[in-house]
Amino acid sequence: MTDHRTPARPAHQGRAGHRTHQGWETRRTHRTVDLPGVTLAYQEHGRPGAPPLVLLHALGERARDWDGVLPELAPHHHVFALDLRGHGDSGRPGAYGVELMRDDVLGFLDALGLDRVDVVGHSMGGVVAYLLAQEHPARIGRLVLEDIPVPYPRPASPVAEAPAEPVDFDWAVVRAVKAQLDTPDPVWLERMAAVTAPTLVVAGGPTSHVPQDRIAELADRIPDCRVVTIDAGHLVHHSRPAEYVALVAPFLDPAGRGGGS
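Numbered per the UniProt record's numbering, the sequence shown spans residues 1 to 261.
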């Protein structure tokens, strides 16, 4: 099987762990990589040499947000779950925004020698994913967007004060990203047609706070896209993990390309 990575040493290799799934053992490795302006932390799972898959979390989450679905995805992929800037164990440089995160992900791919990857993004992570797919379509194999904010202007609302107890992210990220999503750059919507990757949009249905009709409108602008609704609300992969995996895993691996040994 062809290795989809060129050799690259991350800046730091941390602790490692193991999970067993149907008799198959997958290794979890915690690493960091130094990029211009930020250090990104990430978790690496699955089989080196398998098709690479990048997971991008929502606002206020981190790489381990995907733990509930990783046992089903890692056996067939070489998975990289990132802590986006300002989240988890990644750096908190004070400068935040979805375009900066997009550029971080591109820098991550370059640093690790990942030429072409599949990408799954939830909510804010989905925005980062589609911005990357617009700007660098040749780098994206297949794209999954889970209950994503659609780039239409929306009424602004005040951002709550930072909680007194510690959180896993820089509260400044909330202010910066919310401002961008309230008044998105019109180019984001205009350039949806530039996404060439086969795309699956997973909508959360009427109990989600994301307007579902807007999600359908966004999907219509992507040339090779289908929308499937799982009535689970905004946190689809948390609330309905089995249904989520049953939908997403075959889409990412349509020909069983990751199933070999």
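All residues carry an ideal CB built from backbone N, CA and C; glycine is no exception.
Beta-carbon proximity check, residue i vs residue j, cutoff 8 Å
{"i": "GLY88", "j": "ALA63", "result": "yes"}
{"i": "ALA197", "j": "ARG240", "result": "no"}
{"i": "VAL248", "j": "VAL120", "result": "yes"}
{"i": "THR29", "j": "GLU44", "result": "yes"}
{"i": "HIS78", "j": "GLY49", "result": "yes"}
{"i": "ARG102", "j": "VAL38", "result": "no"}
{"i": "ARG214", "j": "VAL150", "result": "yes"}
{"i": "ARG139", "j": "ASP118", "result": "no"}
{"i": "VAL159", "j": "MET124", "result": "no"}
{"i": "ASP238", "j": "GLY94", "result": "Inspection of the sequence shows that residue 238 is occupied by His rather than by Asp. The answer is no: Cβ separation not under 8 Å."}
{"i": "HIS136", "j": "LEU106", "result": "yes"}
{"i": "TYR96", "j": "ALA162", "result": "no"}
For residue j and residue i, believed in contact at Cβ under 8 Å, the rounded distance
{"i": "LEU131", "j": "TRP188", "result": "7 Å"}
{"i": "VAL236", "j": "GLU146", "result": "6 Å"}
{"i": "VAL227", "j": "ALA216", "result": "6 Å"}
{"i": "LEU40", "j": "ASP104", "result": "6 Å"}
{"i": "LEU70", "j": "LEU53", "result": "Actually they do not touch by this definition, with Cβ atoms about 10 Å apart."}
{"i": "HIS122", "j": "HIS209", "result": "Wrong, their Cβ atoms sit about 14 Å apart, outside the cutoff."}
{"i": "LEU59", "j": "VAL174", "result": "7 Å"}
{"i": "GLN134", "j": "VAL195", "result": "6 Å"}
{"i": "LEU200", "j": "VAL128", "result": "17 Å between Cβ atoms; not a contact."}
{"i": "ILE222", "j": "MET192", "result": "5 Å"}
{"i": "ASP231", "j": "GLY205", "result": "4 Å"}
DSSP beta-bridge partners of residue i
{"i": "ALA179", "result": "Answer by DSSP bridge pairing: none, since ALA179 is not bridged."}
{"i": "ILE140", "result": "VAL117"}
{"i": "ALA219", "result": "Its beta-bridge partners do not exist; DSSP assigns none."}
{"i": "PRO52", "result": "HIS78"}
{"i": "PHE169", "result": "HIS87"}
{"i": "ALA203", "result": "THR229"}
{"i": "GLU146", "result": "HIS122, VAL202"}
Check your understanding: Does the stretch 104 to 116 touch the stretch 158 to 175, meaning 3 or more C-beta pairs lie closer than 8 Å?
Key -> Short answer: they don't touch.
### Message
Using 8 Å as the cut-off, can you tell me whether the stretch 171 to 186 makes contact with the stretch 154 to 161, which would need three or more C-beta pairs spanning the two stretches below that distance?
### Response
The stretch 171 to 186, when compared against the stretch 154 to 161, does touch it at the 8 Å Cβ threshold.
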